[in-house]
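Visitor: Just passing along the structure, written as structure tokens.
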Amino acid sequence: MTLRVGNFSGFYGDRFDAPREMLTGGEVDVLTGDYLAELTMLILARDRLKDPTAGYARTFLRQLEETLGLAHERGVRIVTNAGGLNPAGLADAVRALADRLGIPVRVAHVEGDDLTARHPGSLAAHAYLGGFGIAECLRAGADVVVTGRVTDAALVTGPAAAHYGWAPTDHDRLAGAVVAGHVLECGAQATGGNYAFFGERDPRHLRRPGFPLAEIHADGGSVVTKHPGTGGFVDVGTVTAQLLYETAGARYAGPDVTARLDTVRLTQDGPDRVRIEGVRGEAPPPTLKVGRNRLGGFRNEVVFVLTGLDIEAKADLVREQMGDALAASPPADVRWELARTDRADAGTEETASALLRLVVRDPRQEAVGRVLSGAAVELALASYPGFHVLAPPGKGSPYGVFEDVYVPRGDVRHVAVLHDGRRVTVREPADTAVPDGVPEPALPEPLPPGPTRRAPLGLLAGARSGDKGGNANVGVWVRSDEAWRWLAHELTVERLREMVPEAAGLPVTRHVLPHLRALNFLVEGILGPGVAAQARFDPQAKALGEWLRSRHLDIPEALL
């Protein structure tokens, strides 16, 4: 029997009503909710500093209060990583909620990911666990399973392994579930949300995209779809985009299996149905990734508004004035960025204005607090004409740094705490393998020479981008074999560096995925210490792909 796994959350703050929509919109066996990102772990760690009983996504409890009875009536099991830094605490809170509501549900949780005590100086250090702890809980009869830091795909591999009785050596099946899980994990991004070619669709369908579900088969293959009548759409493009999101090379390594993304084949299987098949898997790595969040220091910023004429001269003046004011005790890191949002002969003052952003960072709060605010405020009557700022700078706020390290699997004790209190240690896989790179596949024959036109890349190619610590990935794909023959030869590492000047001095790796007609670029260090440090205008690289699509290059006229 096919296992239907749905998603109701792609991040902490996703659509509140999604659990009810998924429970009432159609058939589903398991609902999964993904609440954790690198930044979320830092936010929960700061919550826990204030309250040792905190550390989990409280929104999930409020959602469950409205839907637990409905899930129980329909026999739908719920699996979520909303436990964050305190899965045991959330499991207890779910039990208390169920008792208050008079709903007889069995609640289990997974623990063992918390390695903070072994990493001095970290606010939180958590290993990324796989899905077999979830599987143990479900096999024992749990209705609700709460985890801490597991991989996003583990929320799907766990239920699939439990349902079909898969073993850790069922690499191809597990890899298929990992791919399905990766497609589901970001919710509506698989159903038309944040999609490059959204303009080709009726905007009425995009106002409220439905959430995705996967029909997972015993061989690991799946069909990604959504409930009938819900908004958005599912096609090969939306699934391709999500497969490229926050991945890199052909080998996608995780704690359960290393999935070979270069083996994935997608076909349209009807309206709002995309079949995923052919996925091959390999033994997982001998190590587990650990995400560490620590305090990086303090930051502050001020945005100067420059209006009308002489924008560059005004910017130069205020830079010099602020430099003089901060010279006595300069912050460790000072960054200026001028955003030319102004237009000539503008019809409004706002569109006649540019923004000059100053960001400072330092280990000492006093170096970025009153020193900066005082210097900026004192210029109010003594600087460029029209001087004002968007908001006065404050006292400086702490920022976090995300780092990933790897530890031997034996250093982590993965434990399933069953609904009856029994503790089951999850066995480590007997076979592991270091995921080396794969030889670059042969490129298609290039297109014959012909006339070209200077035009945006996005007229032909879609893109999706995201962050992993301080690195960003940009996945680019096209929708025809002819376009692929051009893209595979045109968009080289050198061309990407030309189109994205921020990447010019950084390590950039290109991965070729012919079955998806896609290229995936990893740009190392473009995000500095990671999203919490806000080292870049777009600190999670969410729009990096859209910027790339807007850049112009010579495209064969035959493709336009």
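Residue numbers (numbering that gives the first Met the number 0): 0 to 559. Heads up, the beta-carbon is just placed ideally off N, CA and C, and yes, glycines get one too.
#1: Is Tyr-383 close to the ligand COA? I mean its beta-carbon at under 7 Å from any heavy atom of the ligand.
#2: Gly-175: which of Leu-260, Asp-271 and Ala-487 sits nearest, CA to CA?
#3: Output the distance between the C-alpha atoms of Ala-123 and Leu-41, rounded to the nearest integer angstrom.
#4: Kindly indicate which three-state DSSP category Leu-355 falls into: helix, strand or coil?
#5: Quick one: residues in its chain with C-beta nearer than 7 Å to the C-beta of Ser-382, no 5 flanking neighbours on either side, listed in chain order?
#6: For Leu-67, which residues in the same chain have their Cβ closer than 6 Å to its Cβ, ignoring the five residues on either side in sequence?
#7: Measuring straight from C-alpha to C-alpha, what distance separates His-170 and Glu-72?
#8: Three or more C-beta pairs under 8 Å: does that hold for the segment 241-252 against the segment 467-475?
#9: Taking the alpha-carbon positions, what's the Met-498 to Arg-550 distance?
#10: Quick one: what does DSSP say Pro-397 is sitting in, helix, strand or coil?
#11: Taking 8 Å as the cut-off, decide whether the C-beta atoms of Gly-129 and Pro-254 are in contact.
#12: Find the nearest neighbour of Ala-482 within the set Glu-64, Gly-157, His-387 and Ile-554, judged by alpha-carbon distance.
#13: DSSP state of Gln-267, grouped into three classes?
#14: Please name the residue, chosen from Arg-172, Val-388, Pro-211 and Leu-526, that lies closest to Val-182 on a Cα-to-Cα basis.
#15: Taking the alpha helix (DSSP H) that Tyr-251 falls in, what are its first and last residues?
#16: Cutting at 7 Å between CB atoms, please list the residues of its own chain near Val-27, excluding the five before and the five after it.
#17: Taking Glu-65 as the reference, give the member of Asp-16, Lys-49 and Gln-267 with the closest Cα.
#18: Can you name the residues that DSSP bridges to Gly-32?
#19: Please list, in chain order, all residues of the same chain as Val-333 whose beta carbon is under 7 Å from its beta carbon, the five residues on each side excluded.
#20: DSSP on Ala-97, reduced to helix/strand/coil?
#21: Under 8 Å by Cβ, that's how I've got Leu-337 and Ala-351 pegged, so tell me the actual separation to the nearest angstrom.
#22: Which two residues bound the contiguous beta strand (DSSP E) that contains Gly-68?
#23: If you scan the segment 194-265 from start to end, which runs of the beta strand (DSSP E) of 3 or more residues do you find wholly inside it?
#24: Would you tell me roughly how many angstroms separate the C-alpha atoms of Leu-371 and Thr-115, rounded to the nearest one?
#25: DSSP three-state call for Asp-361: helix, strand or coil?
#26: Measure the alpha-carbon distance for Ala-390 versus Leu-325 and round it to whole angstroms.
#27: Alpha carbon to alpha carbon, how far is Val-233 from Leu-442?
#28: Our contact map puts Ala-462 next to Ala-195 with C-beta atoms below 8 Å; I'd like the distance itself, whole angstroms only.
#29: With H, G and I counted as helix, E and B as strand and the rest as coil, what does DSSP make of Val-273?
#30: Does the segment 410-420 touch the segment 513-523, meaning 3 or more C-beta pairs lie closer than 8 Å?
#31: How long is the line joining the alpha carbons of Pro-447 and Gly-524, rounded to whole angstroms?
#32: Straight-line CA distance for Arg-138 to Ala-161?
#33: I'd like the list of long-range same chain contacts for Ala-141, defined as Cβ closer than 6 Å, with 5 residues on each side in sequence excluded.
#34: What did DSSP end up calling Gly-25 once you bin it into helix, strand or coil?
#35: By Cβ distance, which residues of its chain are closer than 8 Å to Val-507, with the 5 residues on each side in sequence left out?
#36: I'd like to confirm the pairing. Which residues does DSSP put opposite Ile-554 in its beta bridges?
Guide: So, from the data block:
#1: In the structure on display, the ligand COA does not appear, and there are no ligands present to speak of.
#2: Ranking the options by Cα distance to Gly-175, first place goes to Leu-260.
#3: Cα to Cα, the separation comes out at about 7 Å.
#4: DSSP places Leu-355 in strand when its eight states are reduced to three.
#5: Here the set comprises Leu-316, Val-317 and Gln-320.
#6: Closer than 6 Å at Cβ, skipping near neighbours: Ile-102.
#7: Between the alpha carbons of His-170 and Glu-72 lies a gap of roughly 34 Å.
#8: Under the 8 Å Cβ criterion, the segment 241-252 counts as touching the segment 467-475, having at least three qualifying pairs.
#9: Rounded to whole angstroms, the separation of the alpha carbons of Arg-550 and Met-498 is 6 Å.
#10: If DSSP states are grouped into helix, strand and coil, Pro-397 belongs with the strands.
#11: For Gly-129 and Pro-254, yes; Cβs fall inside 8 Å.
#12: When each option's Cα is compared against that of Ala-482, the closest is Ile-554.
#13: Residue state, collapsed to three classes: strand.
#14: Ranked by Cα distance from Val-182, the first of Arg-172, Val-388, Pro-211 and Leu-526 is Pro-211.
#15: Residue range 250-252 is occupied by the beta strand (DSSP E) that includes Tyr-251, with no alpha helix (DSSP H) assigned at that position.
#16: Once the five neighbours on either side are set aside, the close Cβ partners of Val-27 are Arg-3, Gly-5, Met-21, Val-75 and Leu-212.
#17: Ranked by Cα distance from Glu-65, the options Asp-16, Lys-49 and Gln-267 are led by Asp-16.
#18: DSSP output for Gly-32 lists Ser-8 and Thr-79 as bridge partner(s).
#19: Close CB contacts of Val-333 within its chain, under the 7 Å cut and outside five residues either way in sequence, are with Val-359 (chain order).
#20: Residue state, collapsed to three classes: helix.
#21: That belief does not hold up - the Cβ atoms of Leu-337 and Ala-351 are roughly 15 Å apart, past 8 Å.
#22: Membership of Gly-68 in any beta strand (DSSP E) is not indicated; the residue belongs instead to the alpha helix (DSSP H) covering 57-73.
#23: As far as the segment 194-265 is concerned, its whole beta strand (DSSP E) runs of at least 3 residues are 211-215, 221-225, 250-252 and 257-259.
#24: Cα to Cα, the separation comes out at about 34 Å.
#25: Asp-361 falls in the strand class under three-state DSSP.
#26: Using only the alpha carbons, I get a separation of about 19 Å.
#27: Computed Cα separation, rounded: 28 Å.
#28: Right, their Cβ atoms sit about 6 Å apart.
#29: The answer is strand: DSSP assigns Val-273 an E or B state.
#30: The segment 513-523, when compared against the segment 410-420, does not touch it at the 8 Å Cβ threshold.
#31: Within the model, the alpha-carbon separation for Pro-447 versus Gly-524 is close to 37 Å.
#32: When rounded, the distance between both Cα atoms is 6 Å.
#33: Correct list, in chain order: Arg-105, Ala-107 and His-418.
#34: Three-state result, Gly-25: coil.
#35: Taken in chain order, the residues that qualify are Val-492, Leu-495, Arg-496, Phe-520, Leu-521, Val-522 and Glu-523.
#36: Answer is Arg-452, bridged to Ile-554.
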